[in-house]
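Read through the structure below, which is laid out as structure tokens, and then see the notes.
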Amino acid sequence: MLYREIEKNGDELSVLGFGAMRLPTNNGRADEKRATEQIRYAIDHGVNYIDTAIAYMNEPLVGRALGDGYREKVKIATKLPPWNVNKAEDMENIFKVQLENFNINYIDYYMLHGLNHPGWEKMLKFGALEFLDRLKSEGKIINAGFSFHGDKELFKEIVDAYDWDFCMIQYNYLDEKNQAGKEGLEYAAEKGLGIIIMEPFRGGNLTKNIPSEVEDIWNQAEIKRTPAEWALRWILNHPEVTCVLSGMNEEEHIKENLRIADEALPNSLKSEELELVEKVRDKYRDLMKIGCTGCQYCMPCPAGVDIARCFEFYDSTYIFGNKRMNQLQYALGLGVFHEGAYASKCIKCGKCEKHCPQDLPIMDLLDDVSGDMEGVLTKVVPPVFKFYLAINGRIMGRKAKKISKDN
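Each residue of the sequence shown is one higher than the last, beginning at 1 in the numbering used here.
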């Protein structure tokens, strides 16, 4: 296993982290025995960074998997969900429950979860930065960070707003310019932050159901690698990257990723290998219906539409298939976690089109997105999910009070 040091705190993290968002299941429920075996196998082979979140509903399972001396071998990372915070005391309640979930008294890497414009504004409103300061001073968290799903300018604003130890961004060869992108990666690295990468395979889309046109390009490579290996090696070729998370739930994938993590040094890919990845990226973009590069010059939208993400969800449907899943992610991503960012919110002001370097007919394209991606799910998912969050918030409040009383 290779390790990379975080300039800010001196920690050496394994270049491969275990992402616990997609643990194995059995008949629709988490398969705890198999998940525990997988987590411990990864740790036994050098992984020392385990990432989860209260939203994944598996913190207790991960905590139990880290029994028998495994806790001391790893850094635990988890997250504070802004969508569960409606008053300042909610942050304290959530954190108490998280410590109880893991059965620990401190968390190594603690993040504000999935920040975008609404989430960041809410965190500032309720004093999240002061809350992180207090947790650090009390020794309840060691490192403070944030995970991110917004635009580049917001990313830089957040990086500059606090003395962060690390951050987590979505980054892969198809999303080099999307969200924080390479520009954000380099910006955070200049500040000395540890940089954790999520979605290296874009939710698995870069490793399965590969279009034949893309397969033909991969087959041109002198060294034969799986799409997963190409994707991981491309990310780890960046010296700015500290650790790449992989949501591993198949033993063969864990073994493959561990092998790659033994070998993938920064700046180790040859120029012809990088050119091959560029060809694959270009082919994927050729297959897109819209072909937005994610430059975000069209943002911010006066009506709050997240134009780049609308196009991202839409294009993913036509490149990778699974339309219903993409519609669900569209409803969650733009209707719950970034409320009111749907394509249908467009007011036809035309501001975006004046700034698009590709001269895309953005207003017409948003109509296409709205017609194809919006429907029952965008109407039903947000209120149902918000109801669930409200109930969950009350449950966590009761748990926190019980924990305080018992202590």
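All residues carry an ideal CB built from backbone N, CA and C; glycine is no exception.
Short CB-CB distance (under 9 Å) between residue i and chain C
| i | result |
| --- | --- |
| G397 | As a matter of chain content, chain C is missing from the structure shown, which is built from one protein chain. |
Strand pairing of residue i, partner residues [DSSP]
| i | result |
| --- | --- |
| Y106 | Answer by DSSP bridge pairing: none, since Y106 is not bridged. |
| L80 | L112 |
| L334 | In the DSSP output, where bridge partners are listed per residue, L334 has none listed. |
| A30 | T25 |
| K75 | Y49 |
Contact set for residue i: own chain, Cβ-Cβ below 8 Å, skip 5 residues either direction
| i | result |
| --- | --- |
| K156 | G184 and Y187 |
| P81 | A53, I54, A55, I94, H113 and G114 |
| D315 | M288, K289, I290, G291 and C292 |
| F126 | V85, K87, A88, D90 and M91 |
| A264 | L2, V15, L232, R233, L236 and N237 |
Continuous alpha helix (DSSP H) stretch holding residue i: start and end
| i | result |
| --- | --- |
| F320 | I307 to F320 |
| L366 | I362 to M373 |
| D160 | K152 to A161 |
| D286 | S271 to L287 |
| A65 | E59 to A65 |
| I217 | S212 to W218 |
DSSP-derived helix/strand/coil call for residue i
| i | result |
| --- | --- |
| M111 | strand |
| Q358 | coil |
| N225 | This sequence places Arg at residue 225; Asn is not what is there. R225: coil per DSSP, three-state reduction. |
| C349 | coil |
| A128 | helix |
| F385 | helix |
| R4 | strand |
| G247 | coil |
| K464 | Outside the shown range of the chain, which is 1 to 407, sits residue 464, and nothing can be said about it. |
| F95 | helix |
| D51 | strand |
| G19 | strand |
| G204 | coil |
| M325 | helix |
| I39 | helix |
| M123 | helix |
| T242 | coil |
| S268 | coil |
| Y187 | helix |
| Y342 | coil |
Close-in-space but distant-in-sequence residues of the same chain around residue i (CB under 6 Å, 5 per side omitted)
| i | result |
| --- | --- |
| G119 | P82 |
| L258 | H45 |
| H408 | Absent from the structure is residue 408, since the part of the chain shown begins at 1 and ends at 407. |
| Y162 | L129 |
Residue i, enclosing beta strand (DSSP E) - first and last residue
| i | result |
| --- | --- |
| S14 | E12 to S14 |
| N143 | I141 to F148 |
| Q170 | F166 to Q170 |
| E194 | First, the residue type needs correcting, since residue 194 is Gly and not Glu in the sequence shown. Start and end: G194 to M198. |
Same chain, Cβ closer than 7 Å to residue i, five either side skipped, listed in chain order
| i | result |
| --- | --- |
| K323 | T317 |
| A189 | I195 and E240 |
| P382 | A331, G335 and V336 |
| K191 | V159 |
| G150 | L115, N116, H117 and Q179 |
| I210 | P227 |
| C295 | K177 and P357 |
| C301 | I307 and C352 |
Practice item. Could you tell me whether the stretch 161–169 touches the stretch 209–228, where touching means 3 or more Cβ pairs closer than 8 Å? Key: no
Review point. If we count Cβ pairs, one from each stretch, closer than 8 Å, do we get three or more for the stretch 367–384 versus the stretch 58–68?
Key: no
Check your understanding: Looking at C-beta atoms only, is the number of pairs between the stretch 294–305 and the stretch 234–250 that lie closer than 8 Å three or more?
Key -> no
Exercise for review: Kindly confirm or deny that the stretch 385–394 and the stretch 349–362 touch, where touching means at least three C-beta pairs closer than 8 Å.
Suggested key: no
Practice item. Report yes or no: do the stretch 229–238 and the stretch 258–269 share at least 3 C-beta pairs separated by less than 8 Å? Key: yes
Practice item. Please determine if the stretch 222–230 and the stretch 249–263 are in contact, where contact requires at least 3 C-beta pairs separated by less than 8 Å. Key: yes
Check your understanding: Between the stretch 134–154 and the stretch 97–107, are three or more C-beta pairs nearer than 8 Å?
Key -> yes
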